[in-house]
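Heads up: the sequence lines are chains S and P, in that order.
Residue numbers for the first sequence follow my numbering, so the first one is 1 and each next one is one higher.
Residue numbers for the second sequence follow my numbering, so the first one is 1001 and each next one is one higher.
The beta carbon of each residue, even a glycine, is placed where N, CA and C say it ideally should be.
Please read the structure below before turning to the comments.
Protein chains: 2
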Amino acid sequence: MNIKSIAEEAGVSVATVSRVLNHPDVVSPKTREGVLAVVDRMDYTPNLLARGLKLKKTDVIALLLPELRDFNYMEIAQGVEDVAHQKGYVMMLCTMEDDRTKEKEYIENLMTRQVDGMILAFSNLTKQDLLSVKKKQIATVFIGRNSELADENVVYVDYCAATVEVIRHMADIGHKTIGMIVGEKPRQENREKLLGFQKGLQEMGLDYHEALVIEAANNAEGGYLAVSQFLNRGQRPDAIFVTSDMMAIGAMEKIKQSELSIPKDIAIVGFDNLKISAFVEPKLTTVVNPAYCMGLVAARLLFNTMEEGEGQEAQVQEILIQSKLKVRKSCGYMGRLKEIHKKT
Amino acid sequence: MNIKSIAEEAGVSVATVSRVLNHPDVVSPKTREGVLAVVDRMDYTPNLLARGLKLKKTDVIALLLPELRDFNYMEIAQGVEDVAHQKGYVMMLCTMEDDRTKEKEYIENLMTRQVDGMILAFSNLTKQDLLSVKKKQIATVFIGRNSELADENVVYVDYCAATVEVIRHMADIGHKTIGMIVGEKPRQENREKLLGFQKGLQEMGLDYHEALVIEAANNAEGGYLAVSQFLNRGQRPDAIFVTSDMMAIGAMEKIKQSELSIPKDIAIVGFDNLKISAFVEPKLTTVVNPAYCMGLVAARLLFNTMEEGEGQEAQVQEILIQSKLKVRKSCGYMGRLKEIHKKT
DNA sequence: ATGAAAGCGCTAACAG
DNA sequence: CTGTTAGCGCTTTCAT
């Protein structure tokens, strides 16, 4: 079933069929109806591959994610998919599993498939790798900033600043010995959070002890085990910043099982603001991580770039998405307020 | 940058370049090296669109999901992506949002893009809709069974049977008044679970009371609110089967806040076996929902179908994936065991 | 308003 | 072993 058979059936040329489908207004209403009728009757759908080959445009964008099993990445994906769909595009989804080689292969592959644009989330590519991508002239937007990404379209959250804000808040409450449970350090975002942790402590005149930072798997179990480590050591922090809510929930579970009270004995602050974080006891103080928004904005930026690309040189943009501290019970702020009121 | 420029540069014909890329063994080592060198030097990558047009094969499969923000769907997606990548395919991902029209449009769209196969998870298509899909002869696998899917490739979990097993277990423990918190009823899986609930009660000689079934949003808040409803009513169940762990966790939170004990006052059983379910107190008894496995198996079945399709008529398959009851503390089984031991 | 024809980039007969 | 060539299905000038 191709355009030729439709043309024959409708008694017109292939050019006319093509026009009916793409520029219906330039063809006479009469023939248009005729062609449309045949198209309908024969259940014809044009071959987008052929069209893409001719037009050098596929209406496909690609999203590369470190993995799928993570709420933040899912949110990003949904954000991207929503705008892609709205624009009539379709999304290819690839996961790179923190494997730079796999990432490079995928990108190569996607470019040969002539995708119109790519969004690379938390990419591990080096400047060197990017060179070959640039050569292909494909519109690209990055999610998550890193030092290799100068002069690139980037949409990002400032995890360092967000963490500084957390530490400031914890110190304000009165916590002195602040520990940290940090997800896998190779991930850029975790390194930024660690940096923010150090900066925050310094800013608040608190000491940084390496022993109070524990690296853990980014899931409930990781947080649970990290707290076990803290408790087995001599020095127990009176507050812990945990780089993800999932880990934080695991951490809280261990604390509770140890007959310690949150936030009285150990206060906890997480990161992400998962829905579930409002349904643990005590409710988790956390940082809103606008992942869906990043996906949305990155996709919109991508489409802008693609459209500009048709005209003059596209302007590179860096877009900062604001995170936000969400104060609930687990950090001890409310308790602290009470104390202050008592004193006055 | 196309095959022609490579041919010219290497001083051979385009056919030879094509051969070097696709059947390297049939071309003399000497010319092969020469061509490869040029390919490398000029950073040439073939245009897969053109190849696909010629070969009528794109090495693309599509996965349609109800939405992305759900752990089960993400697991499915990861399963599919893993085998697609392994086979050298790339995955298009679309979400249909329980909107049959959007689903139909996407499928239409994907077919015009000449995807080699599609996996439709928890589709809402009718037999009628499927007719037009079949006409296009595209390999298709469904995840999640329903009555419209006779004579289709289907990979599924028997949610009804799984639920019967849950109810049986709850009844065995001694729970008499068993309630249910069920996710959105339009979703097939929830309807199956409801059916299983009724069958299970009947089988165990327990009464089914409509008042003990509450429909809720499939998230922690939904479970929380559902329990509130139960508590505000006269009749409080002594055990609740909740159709997802996320809701179950919300439900547990409300129970604990009401100063009731789990499982003593109200026992809880969830569904999904999320990682976090082992990190709530008490640990959640639940049903392992092998979503990743479903994705994996569905993708493998899809590739089988695609490969068979080249030969004779493909054999339609229905594959049942086993779920499994995971007994932990929240259902009261351990407590019950103790009682039994005391008696003896 | 319509048709003829070129060509997007590639692969696979077919011929040598 | 290699080159020539005919398409794959579509869009778009260029004529008419």
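Original post:
Is residue 1062 of chain P helix, strand or coil when you go by DSSP?
Top reply: Three-state result, residue 1062 of chain P: strand.
Original post:
Taking one C-beta from the segment 155-173 of chain S and one from the segment 248-258 of chain S each time, how about it: are there three or more such pairs within less than 8 Å?
Top reply: Under the three-pair Cβ rule at 8 Å, the segment 155-173 of chain S does not count as touching the segment 248-258 of chain S.
Original post:
Nearest chain S C-beta to residue 1090 of chain P closer than 7 Å, yes or no?
Top reply: Chain S, which has a Cβ nearer than 7 Å to the Cβ of residue 1090 of chain P, makes this yes.
Original post:
Hey, residue 10 of chain S and residue 27 of chain S are a contact pair by Cβ (cut 8 Å); roughly how many whole angstroms apart?
Top reply: Actually they are not in contact, since the Cβ atoms of residue 10 of chain S and residue 27 of chain S sit about 11 Å apart, beyond 8 Å.
Original post:
Mapping DSSP to helix, strand and coil, what is residue 1208 of chain P?
Top reply: Residue state, collapsed to three classes: coil.
Subject >> Cβ separation of residue 1249 of chain P and residue 1220 of chain P, assumed to be a contact under 8 Å, to the nearest whole Å >> reply: Confirmed, about 5 Å.
Subject >> Alpha carbon of residue 1280 of chain P to alpha carbon of residue 1223 of chain P, nearest angstrom >> reply: Approximately 15 Å between the Cα atoms of the pair.
Original post:
Once you ignore the five residues that flank residue 1343 of chain P on each side, which residues in its own chain have a CB closer than 6 Å to its CB?
Top reply: Note on residue 1343 of chain P: pLDDT 48, under 50, position unreliable in the model; no value is reported.
**OP:** Go ahead and pull the three-state DSSP assignment for residue 294 of chain S.
**Re:** The answer is helix: DSSP assigns residue 294 of chain S an H, G or I state.
**OP:** Report, in whole angstroms, the separation of the C-beta atoms of residue 1144 of chain P and residue 1114 of chain P, which I expect to be a contact under 8 Å.
**Re:** Contact annotation, residue 1144 of chain P with residue 1114 of chain P: C-beta distance approximately 25 Å; criterion of less than 8 Å not satisfied.
**OP:** Could you name the residues that DSSP lists as bridge partners for residue 267 of chain S?
**Re:** Residue pairing by DSSP places residue 267 of chain S opposite S/239 in a beta bridge.
Original post:
Closer than 9 Å, Cβ to any Cβ of chain S: which residues of the segment 1106-1127 of chain P, in chain order?
Top reply: For the segment 1106-1127 of chain P, the set of residues with a beta-carbon nearer than 9 Å to any beta-carbon of chain S comprises 1106, 1108, 1109, 1110, 1111, 1112, 1113 and 1114, in chain order.
Original post:
For residue 1015 of chain P, does the count of other Cβ atoms within 10 angstroms reach 16, so buried, or fall short, so exposed?
Top reply: Exposed, since its Cβ has fewer than 16 Cβ neighbours within 10 Å.
Original post:
When the Cα atoms are used, what is the spatial distance from residue 285 of chain S to residue 148 of chain S?
Top reply: The alpha-carbon atoms of residue 285 of chain S and residue 148 of chain S are separated by roughly 33 Å.
**OP:** Can you grab the Cα-Cα spacing for the pair residue 1044 of chain P / residue 1019 of chain P, in whole Å?
**Re:** Rounded to the nearest whole angstrom, the CA to CA distance from residue 1044 of chain P to residue 1019 of chain P is 15 Å.
Original post:
Pairing CB atoms from the segment 100-116 of chain S with CB atoms from the segment 1038-1055 of chain P, are three or more of them under 8 Å?
Top reply: The answer is yes - the segment 1038-1055 of chain P touches the segment 100-116 of chain S, with three or more Cβ pairs under 8 Å.
Original post:
Nearest to residue 1190 of chain P by alpha carbon, out of P/1060, P/1150, P/1033 and P/1241?
Top reply: Nearest C-alpha to residue 1190 of chain P: P/1241.
Original post:
When burial is assigned at 16 or more other CB atoms within 10 Å of the CB, is residue 1070 of chain P buried or exposed?
Top reply: Residue 1070 of chain P should be labelled buried.
Original post:
Would you say residue 1091 of chain P and residue 1105 of chain P are within 7 Å of each other, going by their C-beta atoms?
Top reply: It is not a contact, given that the beta carbons lie outside the stated cut-off.
Original post:
Considering only residues of the same chain and omitting the five flanking positions on each side of residue 38 of chain S, which have a CB-CB separation below 6 Å?
Top reply: Same-chain partners within the cutoff: 6, 9 and 10.
Subject >> Which of helix, strand or coil DSSP assigns to residue 20 of chain S >> reply: Correct three-state label for residue 20 of chain S: helix.
Subject >> Chain-ordered chain P contacts of residue 46 of chain S [CB-CB under 9 Å] >> reply: Residues of chain P with a Cβ closer than 9 Å to the Cβ of residue 46 of chain S are, in chain order, 1112.
Original post:
Excluding sequence positions up to five away, which residues of its chain have a Cβ less than 8 Å from the Cβ of residue 1024 of chain P?
Top reply: 1032, listed in sequence order.
Subject >> Other residues of its chain near residue 103 of chain S: CB distance less than 7 Å, five sequence neighbours each side excluded >> reply: Result list for residue 103 of chain S: 64, 96, 123, 124 and 125, in chain order.
**OP:** Can you tell me the Cβ-Cβ gap for residue 164 of chain S and residue 213 of chain S, rounded? I've got them flagged as a contact below 8 Å.
**Re:** Actually they do not touch by this definition, with Cβ atoms about 16 Å apart.
Original post:
According to DSSP, what are the bridge partners of residue 91 of chain S?
Top reply: Per DSSP, S/61 and P/1093.
Original post:
Where does residue 1327 of chain P fall in DSSP's three states?
Top reply: Residue state, collapsed to three classes: coil.
Original post:
Exposed or buried, residue 209 of chain S, counting other C-beta atoms within 10 Å across all chains shown (16 or more means buried)?
Top reply: Within a 10 Å sphere around the beta-carbon of residue 209 of chain S sit fewer than 16 other beta-carbons, which makes this residue exposed.
Original post:
Using 7 Å as the limit for Cβ to Cβ distance, is residue 72 of chain S near chain P?
Top reply: Not an interface residue.
Original post:
Do the CB positions of residue 317 of chain S and residue 146 of chain S come within less than 7 Å of each other?
Top reply: Cβ distance not < 7 Å, so residue 317 of chain S and residue 146 of chain S don't count as in contact.
Subject >> Nearest residue (CA-CA) to residue 291 of chain S, options S/118, S/193 and S/274 >> reply: Of the listed residues, the one whose Cα sits closest to residue 291 of chain S is S/274.
**OP:** Report buried or exposed for residue 1259 of chain P, applying the criterion of at least 16 other Cβ atoms within 10 angstroms of its Cβ.
**Re:** By the neighbour-count rule (16 or more Cβ atoms within 10 Å), residue 1259 of chain P is not buried but exposed.
Subject >> Buried or exposed by the 16-neighbour rule on C-beta atoms within 10 Å, applied to residue 68 of chain S >> reply: Counting Cβ neighbours within 10 Å, residue 68 of chain S comes out buried, since at least 16 surround it.
Original post:
Does the Cβ of residue 75 of chain S have 16 or more other Cβ atoms within 10 Å, making it buried, or fewer, making it exposed?
Top reply: Label assigned to residue 75 of chain S: buried.
Subject >> Contacts of residue 58 of chain S in chain P (Cβ-Cβ under 8 Å) >> reply: Chain order gives the chain P residues near residue 58 of chain S as 1049, where near means a beta carbon separation below 8 Å.
Original post:
Taking the Cβ atom as the reference point for each residue, do residue 1264 of chain P and residue 1288 of chain P lie within a distance shorter than 7 Å?
Top reply: The Cβ atoms of residue 1264 of chain P and residue 1288 of chain P lie no closer than 7 Å to each other.
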